[in-house]
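Q: Just dropping this structure here.
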Amino acid sequence: MATTVLKSLNTALHEMMAEDERVLVMGEDILDPYGGAFKVTRGLSTEYPKRVWTTPISEAGFVGVASGMAMRGLRPVVEIMFGDFLLLAADQLVNHAAKFRWMYGDKVDVPLVVRAPMGGRRGYGPTHSQSLEKHFLGVPGLAVVAIHPLVDVGKLLRTAVLDDRRPLLFIENKKMYARSLRQPLNGRMGAMEVYSDGAVYPTATLAFGGLVGGDVTIVAYGGMVEVALEAAERLLIEDEIYAEVVAPTQLQPLQMGPITQSVERTGRLVVCEEASASAGFGAEICAALGESAFNALEAAPARVAAQPVPIANAPSLENQLLPDVDDIVEVARTRIGSIKGPRRTSFG
Amino acid sequence: MATTVLKSLNTALHEMMAEDERVLVMGEDILDPYGGAFKVTRGLSTEYPKRVWTTPISEAGFVGVASGMAMRGLRPVVEIMFGDFLLLAADQLVNHAAKFRWMYGDKVDVPLVVRAPMGGRRGYGPTHSQSLEKHFLGVPGLAVVAIHPLVDVGKLLRTAVLDDRRPLLFIENKKMYARSLRQPLNGRMGAMEVYSDGAVYPTATLAFGGLVGGDVTIVAYGGMVEVALEAAERLLIEDEIYAEVVAPTQLQPLQMGPITQSVERTGRLVVCEEASASAGFGAEICAALGESAFNALEAAPARVAAQPVPIANAPSLENQLLPDVDDIVEVARTRIGSIKGPRRTSFG
Amino acid sequence: MERLHDPGPARRFAEAPGLRCEKLYRQMRLIRRFEERLLRQFEEGDVSGTTHACIGQEADAAGVINHLQKGDIVFSNHRCHGHFLAFSDRPELLAAEVLGRATGLVGGRGGSQHICWENFYSNGIQGGIVPVSVGMALAEKSTGRDSITTVFLGDGTFGEGVIYEAFNMASLWSAPVLFVVENNQWAQSTPVEKELAGDMVARAQSFDIEAGSITSTDAEELYDHFQPLVHKVRNTGRPHLEVIETYRLCHHSKSDDKRPRQQVEARKKDDPLPKLRKRLDEDAAKSIEKEVKKRVEQAFLWALEQPFAGDEELVDPLVDASP
Amino acid sequence: MERLHDPGPARRFAEAPGLRCEKLYRQMRLIRRFEERLLRQFEEGDVSGTTHACIGQEADAAGVINHLQKGDIVFSNHRCHGHFLAFSDRPELLAAEVLGRATGLVGGRGGSQHICWENFYSNGIQGGIVPVSVGMALAEKSTGRDSITTVFLGDGTFGEGVIYEAFNMASLWSAPVLFVVENNQWAQSTPVEKELAGDMVARAQSFDIEAGSITSTDAEELYDHFQPLVHKVRNTGRPHLEVIETYRLCHHSKSDDKRPRQQVEARKKDDPLPKLRKRLDEDAAKSIEKEVKKRVEQAFLWALEQPFAGDEELVDPLVDASP
Ligand SMILES: Cc1ncc(C[n+]2csc(CCOP(=O)(O)OP(=O)(O)O)c2C)c(N)n1
Ligand SMILES: Cc1ncc(C[n+]2csc(CCOP(=O)(O)OP(=O)(O)O)c2C)c(N)n1
Ligand SMILES: [Mg+2]
Ligand SMILES: [Mg+2]
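Quick mapping for you: the protein sequence lines, in order, are chains A, B, C and D.
Quick note: the first sequence uses our numbering, first residue 1498, plus one each step.
Quick note: the second sequence uses our numbering, first residue 1498, plus one each step.
Quick note: the third sequence uses our numbering, first residue 762, plus one each step.
Quick note: the fourth sequence uses our numbering, first residue 762, plus one each step.
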């Protein structure tokens, strides 16, 4: 049986705690037998009772506590039960953890990892379904990594915890926990060829029939990667449109290389994100791509994103407002069909 | 003597409190004789002691209190002493005030105005000099308005407080308080012609010699507007480059009309912001412009922004890392000189 | 849409004790029945996401909310069904909401945790509702109304710093707020001793807020206990915090209960429903149960026939409310 | 760069009372002189932004910090000069920092409020340093060190919710933290009675944190008072909170003092410097003053010769610290 995203993360935590005394986990309701709201921390408190800190409901406070621990040599891995609650720790992240290193003349490190499950499609409603990572992009000193099932997510977590000296947001996705890791085999995944840029937080580029003849580049991260892959398949089958899917994991600082290279091949860009579009990941990609590969663009870059409203509880309504395969297919078609297609999203 | 930004805001508050019993102001240290850190609230507590709520140092708490007041019919105007402290109220703004209306099936309004002085160049250091409004762009339900001295800032505040039913961030700029309002006279300001789109939160477009023959569009908001105007002047004198400066006041939801129209005339776009570039205002403008006027673009849109580090305290260092007239001039030249100029900013 | 039941004015129970017991029992029965029915619906796959039942804590809602008057405000949290039903007596609207229907309380947008109806509100972020409630109370007071605001919070929510900011301002500014703390001994999977140092009553008092506590799941006892407290808040215009020591007999949210079975079993003796039922004669109890069963059934049948939310223009609230 | 003065080990004053008084006076004199000199420099336009002097509160730093050992941590706030100088005895580095020089404590990046030197830290956001300090204390403890962490906070900072989150965790998890509250009766322009309801000692106690208070600007008295408290935190590994009732004799930050003149004048009798000076013989006092004057002068002269910060590669900390 293939390993799930959940299992991979959980195993990585177990291994790190076994290997390195400095590693600790902290968050709400993470003790066994409950083991955390999404069970990423399951079993840890049984094996390492002293290094599992189940917290009061104090997101700002325990992110601050963990920052202090990180500055004094420990390697805290903090869980925010639902990524929606990250905003409570915004000041601690931006005005404390992320600032300390530079502000203190490079005298300190804050090797803090904050894990946050984001995303909707589980009917959790307006305060438990958001994708808020966009609000933490562009914070000097704060790295943002978002996993997806095509990479070894456990290994990424290890890198973030053991090797990275930056305070780092590690974005997970609730729907993704149950998904199997889909590691490419011999450079292939299903009918697609898979290329990695080999970075510590890698970007995967997937294409049918190799990196030639692509018509459009679809950039997606986190929970939208598999949605984008499905869209790519449909575009091929229904329209004979060849899409390259580019899936970065490091959102901040952005690694534009693989995206630029792909658009230089395809001439067209569609960026997908689960949050609403305004001033988010897609905005940054479109702007950065304009700066890095403007001449390659044959059509206006487009964004596929959520409607600019809160995430509704009713699944019927939630589905309607979150971006899906249809939306990507439709927008990608417009990029091919005309140089100026209609936009799906307004701003919010 | 011309009215300053400070005076205009202060007068508007006085007038509103005289006219409308529902209006109240709330914030730290706003009582006379001190009258607020930047004196925007000066005199109010003397005249309206019952409607001036000086608060404990509780940014989250008093934004929450004001939201509750707004939901029950009052018109609170909250001051965050330094915009840097807004992050403490992020959850209150995003998961409470901004969500209530839609989430509650349009049954409630939250006519809350939160004023926040942003920006650097006063030597206040890393926690008192930021321009954090970009992190609040793209929040469904939260309007963001940023003033500049070419508009009647008092009138904008009146609109925000009395007419707007949305929770609204009202972004001021510390350096700007002492500046004189520069209302256009007969459609002119100095040597430039001034056009307004007439929106409630207007966008001003300024150009030498009218809206023809422009070479580049420079978009700027808030404290960067006057920097951009200076750059436009220098571009004209030194390079005979005609720049149109487009200065919006409503950042969210974005009003792309005047920007699109200007780029359709000039073919080139430079966006200026005082924050670091990544996932900010400039990113959104570049992305949205790509969607609205891609065909008009003759050169890659460019951003002028701060270096992706905290804002240093030492003025020598602060100047070095904040964007200035030179930076705009330099980047604008590259838009004209070559279709693909070098970038000034990296991401952060 | 036809109104299934008249919510009636406040102070419903200033009547003979027998009658009071009946009415409190009916109310709690409605809450219990509603949630049990909802959980069944959940198991049938009709409810998405999660939902927090208040089984075992029904007496809190009944004991407090019946003292409120027209114009009073209630702000509740994730565990809001009981509070809402005691406030509104409108099970059908809540059922439709939780089932994701367009005619639900807030059109399916909020679901179980995020509802709004007249002066009743709830939100799913722990703690943040407390300052908002203080603001509501101050607004009402400043416009000369004598209404009070009641906000419900749990023991776990004492972890959130913003509530202390709110306590401070409520006290400094004399907000007529009744903070009702339901200490059910657990925050999700965490026992109170692992999340709370010291004492909640003392915490409130250290902000110069009068505070007390009662250990009870007896709705009549709670009703008597809160009567003077509600009066006091209204008359003094000052805040008060009262802790109810109680216990949650169900899971935290849908099926995630890992508490020691023994502990839960031992607390079943405190179930508020049998407590009151014993005081009724069997016929009265049976007739209430029958009536409630029918109402809840009707509410769900009605709700299940309602159209699903969606297919609406998704209106950006920014555009909609701009001047 | 030459070290102007040896900071020496902790427990400097476990000596004869006379000597102790001299040393405490020298330390406070250094702080006072430094800040007066800095304010002069400010008026000459050499300091940008703002700066928060602690004139009148010097005894707090002297009374507490001299009990600390090597390895102990101090986290201070916006009003950090006194704490820093008592901790480090390095006026020249602070002068260079506040004057925006490349060789300042943190290369001119932080300025007056944001400094770091060995185990000393400060930040300009009210409240946020408190949980960070708790984390530092827990980290030290968990790695077997017996160091303690001292964090300074003001009365106004009791408005920030995050400090209660930190109190709760410090208590639950037994963090060896000494919370030192300098209640100078004002938060910027706001008198304590307008920002603080209830009582700070009771607030801490309600989190099961031992707490007390002392009304004093007498450095010797404070020194004696804090000795057992520092010991207790170290030996019990538990937090303690102590409020010092004091008064700020200067503006809040550069030249913004609107407090009633009478009140300020009346408090000048509590100035901690004359208090100790009276106990010294005139010659000793004069010689200390001369020595301190010279040191401060040297520190500023050195600082003023340092290169301005800037013209460096502005290294993105993200890129710099990536794996
Ligand atoms: C800010 C925030 N953090 C965490 C949660 C997740 N959460 C929901 S309910 C709950 C426990 C609340 O405990 P308590 O306040 O005792 O209320 P109870 O559930 O016992 O009624 C938690 C941790 C949340 N909803 N909001
Ligand atoms: C989060 C935050 N809010 C507001 C401020 C602005 N501010 C700086 S010092 C101060 C007053 C602090 O009062 P207190 O804690 O009593 O310390 P004191 O200045 O009296 O030493 C305020 C409001 C800040 N720095 N940080
Ligand atoms: Mg509880
Ligand atoms: Mg003070």
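Ideal placement from N, C-alpha and C gives every residue a C-beta, glycine not left out.
1. Counting only Cβ-Cβ distances shorter than 9 Å, please list the residues of the stretch 1557–1580 of chain A near chain D, keeping chain order.
2. Could you give the residue range of the alpha helix (DSSP H) that holds I792/D?
3. With DSSP as the reference, please indicate the residues paired to A1701/B in a beta bridge.
4. Can you tell me the Cβ-Cβ gap for I890/D and F848/D, rounded? I've got them flagged as a contact below 8 Å.
5. By the three-class DSSP mapping on this structure, what secondary structure does I1734/B have?
6. For the putative contact between K1015/C and T864/C, defined by C-beta atoms under 8 Å, what is the C-beta separation to the nearest angstrom?
7. P1820/B CB to nearest chain D CB: under 8 Å?
8. Is G896/C near ligand 3, with its Cβ less than 7 Å from a heavy atom?
9. In angstroms, rounded to a whole number, what distance separates the CA positions of L1079/D and V1697/A?
10. Which residues, in chain order, does the stretch 1611–1629 of chain A contribute to contact with chain C at a C-beta distance below 7 Å?
11. Could you tell me the distance, in whole angstroms, from the CA atom of P1608/A to the CA atom of V1767/B?
12. Let me check understanding here. Comparing Cα to Cα, which of F1633/A, Q1747/A and T1702/A lies closest to Q1680/A?
13. Determine the DSSP secondary structure at D767/D, reduced to helix, strand or coil.
14. Could you check whether the Cβ of R1634/A sits closer than 8 Å to any Cβ belonging to chain B?
15. Under 6 Å Cβ to Cβ from K1604/A, same chain only, skipping five residues before and after it: list those, please.
16. Three or more beta-carbon pairs under 8 Å between the stretch 1808–1822 of chain B and the stretch 862–878 of chain D, yes or no?
17. Report whether the distance from the Cβ of D916/C to the nearest heavy atom of ligand 1 is below 7 Å.
18. Measuring CB atoms only, is the stretch 1775–1785 of chain A touching the stretch 1771–1788 of chain B, in the sense that at least three cross pairs come out at less than 8 Å?
19. So is V1801/B in contact with chain D if we call contact Cβ pairs under 8 Å?
20. What residue ranges within the stretch 804–868 of chain C form continuous beta strand (DSSP E) runs of no fewer than 3 residues, ordered along the chain?
21. Please state if the CB of E1003/D and the CB of V941/D are separated by a distance shorter than 8 Å.
22. Mind listing the chain D neighbours of P1637/A? Cutoff is C-beta to C-beta under 9 Å, in chain order.
23. Given this structure, state the Cα-to-Cα distance separating E1006/D from W947/D, to the nearest angstrom.
24. When DSSP labels each residue in this structure, what does R1612/A get in the three-state scheme?
25. Run through the DSSP bridge pairs and tell me what T910/D is partnered with.
26. For the alpha helix (DSSP H) that contains M1753/A, what are its first and last residues?
27. Answer with buried or exposed for Q1804/A, where buried requires no fewer than 16 other C-beta atoms within 10 angstroms of its C-beta.
28. Please identify the residue among A1046/C, I886/C and E943/C whose C-alpha is closest to the C-alpha of D1588/B.
29. Counting only Cβ-Cβ distances shorter than 8 Å, please list the residues of the stretch 1786–1817 of chain A near chain C, keeping chain order.
30. Which value, in whole angstroms, describes the spacing of the CA atoms of P1084/C and V1076/C?
31. What residues from chain B crowd round D1588/A, counting only those whose CB sits closer than 8 Å?
32. Would C1011/D pass as a contact of I834/D if the rule is Cβ separation under 8 Å?
33. Please confirm whether P1839/B has its beta-carbon closer than 8 Å to some beta-carbon of chain C.
34. Who does N996/D pair with in a DSSP beta bridge?
35. Can you check whether the CB of L1732/B is closer than 8 Å to the CB of A1740/B?
36. Taking the CB atoms as reference points, tell me whether L1647/A and R1572/A lie closer together than 8 Å.
A: Based on what the coordinates show:
1. A1557, G1558, F1559, V1560, G1561, V1562, A1563, S1564, G1565, M1566, A1567, M1568, R1569, G1570, L1571 and P1573
2. Here residue 792/D is taken as the residue at index 31 of the fourth sequence, counted from 1. Note, I792/D: alpha helix (DSSP H), P778 to E804.
3. In the second sequence, the residue the question calls residue 1701/B occupies position 204. DSSP lists S1693/B and A1744/B as partners of A1701/B.
4. Translated into positions along the fourth sequence, residue 890/D becomes position 129. Translated into positions along the fourth sequence, residue 848/D becomes position 87. Contact check for I890/D and F848/D: beta-carbon distance about 15 Å, past the 8 Å limit, so the pair fails to qualify.
5. Along the second sequence, read from residue 1 onward, the residue named residue 1734/B stands at position 237. Looking at I1734/B - three-state DSSP - the assignment turns out to be helix.
6. One-based indexing of the third sequence puts residue 1015/C at position 254. One-based indexing of the third sequence puts residue 864/C at position 103. Rounded, the Cβ-Cβ distance is 23 Å, inconsistent with contact.
7. The count along the second sequence starts at 1 and reaches residue 1820/B at position 323. It does not; no Cβ of chain D falls within 8 Å.
8. Taking the third sequence and counting its residues from 1, one reaches residue 896/C at position 135. For ligand 3, not one heavy atom lies less than 7 Å from the Cβ of G896/C.
9. Residue numbering aside, residue 1079/D sits at position 318 when the fourth sequence is read from its first letter. Residue numbering aside, residue 1697/A sits at position 200 when the first sequence is read from its first letter. About 14 Å.
10. R1619, G1620, Y1621, G1622, P1623, T1624 and H1625
11. Stepping through the first sequence from its first residue, residue 1608/A is reached at position 111. Stepping through the second sequence from its first residue, residue 1767/B is reached at position 270. Taking the straight line from one Cα to the other gives about 36 Å.
12. The residue you call residue 1680/A lines up with position 183 of the first sequence. Comparing Cα-Cα distances from Q1680/A to each of F1633/A, Q1747/A and T1702/A, the minimum goes to T1702/A.
13. Here the question's residue 767/D lines up with position 6 in the fourth sequence. Residue placement at D767/D cannot be trusted, given a pLDDT of 39 that sits under 50; the coordinates are not used to answer.
14. On the first sequence, position 137 is the one that residue 1634/A refers to. Note on identity: in this sequence residue 1634/A is Leu, with Arg being the wrong assignment. L1634/A counts as touching chain B.
15. Taking the first sequence and counting its residues from 1, the one referred to as residue 1604/A is at position 107. Result list for K1604/A: empty, nothing under 6 Å.
16. yes
17. Within the third sequence, residue 916/C is the residue found at index 155, counting from 1. Yes, the beta carbon of D916/C sits closer than 7 Å to at least one heavy atom of ligand 1.
18. Yes, they touch.
19. In the second sequence, the residue the question calls residue 1801/B occupies position 304. It does not; no Cβ of chain D falls within 8 Å.
20. 834–837
21. Taking the fourth sequence and counting its residues from 1, the one referred to as residue 941/D is at position 180. Taking the fourth sequence and counting its residues from 1, the one referred to as residue 1003/D is at position 242. Contact: yes.
22. The residue you call residue 1637/A lines up with position 140 of the first sequence. Those are D1077, P1078 and L1079, listed as they occur along chain D.
23. Here residue 1006/D refers to the residue found at position 245 when the fourth sequence is read from its first residue. Here residue 947/D refers to the residue found at position 186 when the fourth sequence is read from its first residue. The alpha-carbon atoms of E1006/D and W947/D are separated by roughly 11 Å.
24. For the purposes of this step, residue 1612/A is taken as the residue at position 115 of the first sequence. In this structure, R1612/A counts as strand in the three-state DSSP scheme.
25. Here the question's residue 910/D lines up with position 149 in the fourth sequence. I834/D and V938/D.
26. Residue mapping note: residue 1753/A aligns to position 256 of the first sequence, counting from 1. Neither: M1753/A is in no alpha helix (DSSP H) and is coded neither H nor E.
27. In the first sequence, counting from the first residue as 1, residue 1804/A sits at position 307. Under this definition Q1804/A is a buried residue.
28. In the second sequence, counting from the first residue as 1, residue 1588/B sits at position 91. That would be I886/C, whose Cα lies nearest to the Cα of D1588/B.
29. So the list reads Q1804, P1805, V1806, P1807, A1809, N1810, A1811, P1812, S1813, L1814, N1816 and Q1817, given in the order they occur along the chain.
30. As a working note, residue 1084/C is residue 323 in the third sequence. As a working note, residue 1076/C is residue 315 in the third sequence. The straight-line gap from Cα to Cα measures roughly 15 Å.
31. Start at 1 with the first residue of the first sequence, and residue 1588/A comes out as number 91. In chain order: F1582, L1584, L1585 and A1587.
32. Position 250 of the fourth sequence holds residue 1011/D. Position 73 of the fourth sequence holds residue 834/D. Cβ distance not < 8 Å, so C1011/D and I834/D don't count as in contact.
33. On the second sequence, position 342 is the one that residue 1839/B refers to. Model confidence at P1839/B stands at a pLDDT of 37, short of 50, so the residue's coordinates are unreliable; what they give is reported in the following sentence. Taking CB atoms only, P1839/B has no neighbour in chain C less than 8 Å away.
34. The sequence position of residue 996/D within the fourth sequence is 235, counting from 1. In DSSP, N996/D forms no bridge with anything.
35. To locate residue 1740/B, count along the second sequence from 1; it is residue 243. To locate residue 1732/B, count along the second sequence from 1; it is residue 235. Yes, the Cβ-Cβ distance between A1740/B and L1732/B is below 8 Å.
36. Counting from 1 along the first sequence, the entry for residue 1647/A is found at position 150. Counting from 1 along the first sequence, the entry for residue 1572/A is found at position 75. No.
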